[in-house]
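Each remark here refers to the structure printed beneath this line.
There are 2 protein chains.
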Amino acid sequence: MRIRKRPPTHPGGILKRHYLEPLSLTISNLSVNLGVSRKTLSKVVNEHGSVTPNMALRLAKAFNTTPELWLNLQQNYDLWHASRKSNDWKKIEAIAV
Amino acid sequence: MRIRKRPPTHPGGILKRHYLEPLSLTISNLSVNLGVSRKTLSKVVNEHGSVTPNMALRLAKAFNTTPELWLNLQQNYDLWHASRKSNDWKKIEAIAV
DNA sequence: AATAAGTGTAACCCGTCAGGTTACATTTTT
DNA sequence: AAAAATGTAACCTGACGGGTTACACTTATT
Chain U
1 MRIRKRPPTH PGGILKRHYL EPLSLTISNL SVNLGVSRKT LSKVVNEHGS VTPNMALRLA
61 KAFNTTPELW LNLQQNYDLW HASRKSNDWK KIEAIAV
Chain S
1 MRIRKRPPTH PGGILKRHYL EPLSLTISNL SVNLGVSRKT LSKVVNEHGS VTPNMALRLA
61 KAFNTTPELW LNLQQNYDLW HASRKSNDWK KIEAIAV
């Protein structure tokens with residue numbers, strides 16, 4: 001499988017650069033729109049929090065995207081970090097078919 | 001966005017029907033191969049546990065698949081259930097562009 | 001029939017994380 | 001200068017991943 005050297009973009013970065021900034025939306029403002037706490041949204045935007053399925057649904061509604069867009073970004077991010085966190089999985093032998 | 005009426009297949013179901021049974025692999029057996037506890041694997045197979053990024057890496061190694069295969073199944077499953085769990089997100093208004 | 005293997009799951013432990021509220025100090029706008 | 005926005009700490013609750021041990025039940029296997 002392909003292993004990137006650089007970490008995949010965190011969904012918070014996309015949210016910030018492609019939505020908040022172009023639309024002049026503040027975190028406080030958007031948090032109200034999304035119906036989540038300012039803290040929760042801030043954590044996501046600053047890449048200290050994850051886009052959960054529930055959050056993905058909210059972002060999708062707010063920005064007319066699919067929830068999968070956000071979840072895929074998060075998934076790639078999580079997968080990359082999981083593959084670095086430990087190396088145990090690398091030693092697993094393929095089941096003979 | 002598309003809303004399925006029936007819940008997406010849990011990755012555990014795929015694992016069971018497409019890998020364990022055809023290969024006559026037991027849960028105990030595979031759990032050793034994957035390097036996880038029998039309990040953890042049993043929960044996944046019986047759809048009472050999730051495929052985490054770490055587990056996805058293990059399954060991918062064992063069965064020569066991509067980790068994304070397993071994570072996407074889990075993602076679809078989680079998203080479907082999240083969309084049913086509450087309806088708050090449905091009331092969110094799209095940000096005017 | 002008897003033994004062995006596989007299984008589901010409960011009880012218990014631990015650590016992590018989502019998400020909320022409140023509060024404070026700092027930065028950015030207006 | 002005054003107002004708004006922000007990052008983040010402290011604290012709480014609830015959920016969940018993952019591990020071990022143990023028990024009862026089912027399925028093979030001998």
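Chains as they are written, first to last, in the UniProt record's numbering: chain U, 1 to 97; chain S, 1 to 97.
Quick reminder that beta carbons are idealized off the backbone N, C-alpha and C, glycines included.
Could you give the first and the last residue of the continuous alpha helix (DSSP H) run that contains residue 96(S)? Note, residue 96(S): premise wrong, no alpha helix (DSSP H); not H, not E.
Closer than 7 Å by beta-carbon distance: list the chain U residues that pair up with residue 53(S), in chain order. 78, 79, 82
Cα-Cα separation, residue 88(S) to residue 96(S): 19 Å
Leaving out five residues on either side along the sequence, give the residues of the same chain with a beta carbon under 6 Å from the beta carbon of residue 10(S). 47, 77
Can you pull the chain U residues whose beta carbon is under 9 Å from the beta carbon of residue 64(S), in chain order? 94, 95, 97
Mark residue 12(S) as exposed unless 16 or more other C-beta atoms lie within 10 angstroms of its C-beta, in which case mark it buried. buried
Does DSSP classify residue 65(S) as helix, strand or coil? coil
Only counting runs of 4 or more residues, tell me where the alpha helix (DSSP H) segments fall wholly within the UniProt domain "HTH cro/C1-type" (25-70) of chain S, in order along the chain. 27-34, 38-45, 53-63
Checking contacts by CB at 7 Å: is residue 20(U) closer than that to chain S? no
Kindly indicate which residue of 18(S), 34(S), 17(S), 6(S) has the alpha-carbon position closest to the one of residue 94(U). 34(S)
Kindly indicate the opening and closing residues of the alpha helix (DSSP H) around residue 15(U). 11-15
C-alpha gap between residue 75(U) and residue 56(S), whole angstroms: 11 Å
Could you tell me the distance, in whole angstroms, from the CA atom of residue 17(U) to the CA atom of residue 42(U)? 14 Å
Partner residues on chain U for residue 12(S), Cβ-Cβ distance less than 7 Å: Per Cβ cutoff of 7 Å: no residues; residue 12(S) is ~17 Å from chain U at best.
Nearest-angstrom Cα distance between residue 26(U) and residue 81(S)? 30 Å
Same chain only: Cβ atoms within 6 Å of residue 60(S), ignoring 5 sequence neighbours per side: 66, 67
Here's the rule: buried if 16 or more other CB atoms are within 10 angstroms of the residue's CB, otherwise exposed. What is residue 28(U)? exposed
By how many angstroms is the C-alpha of residue 52(U) removed from the C-alpha of residue 24(S)? 36 Å
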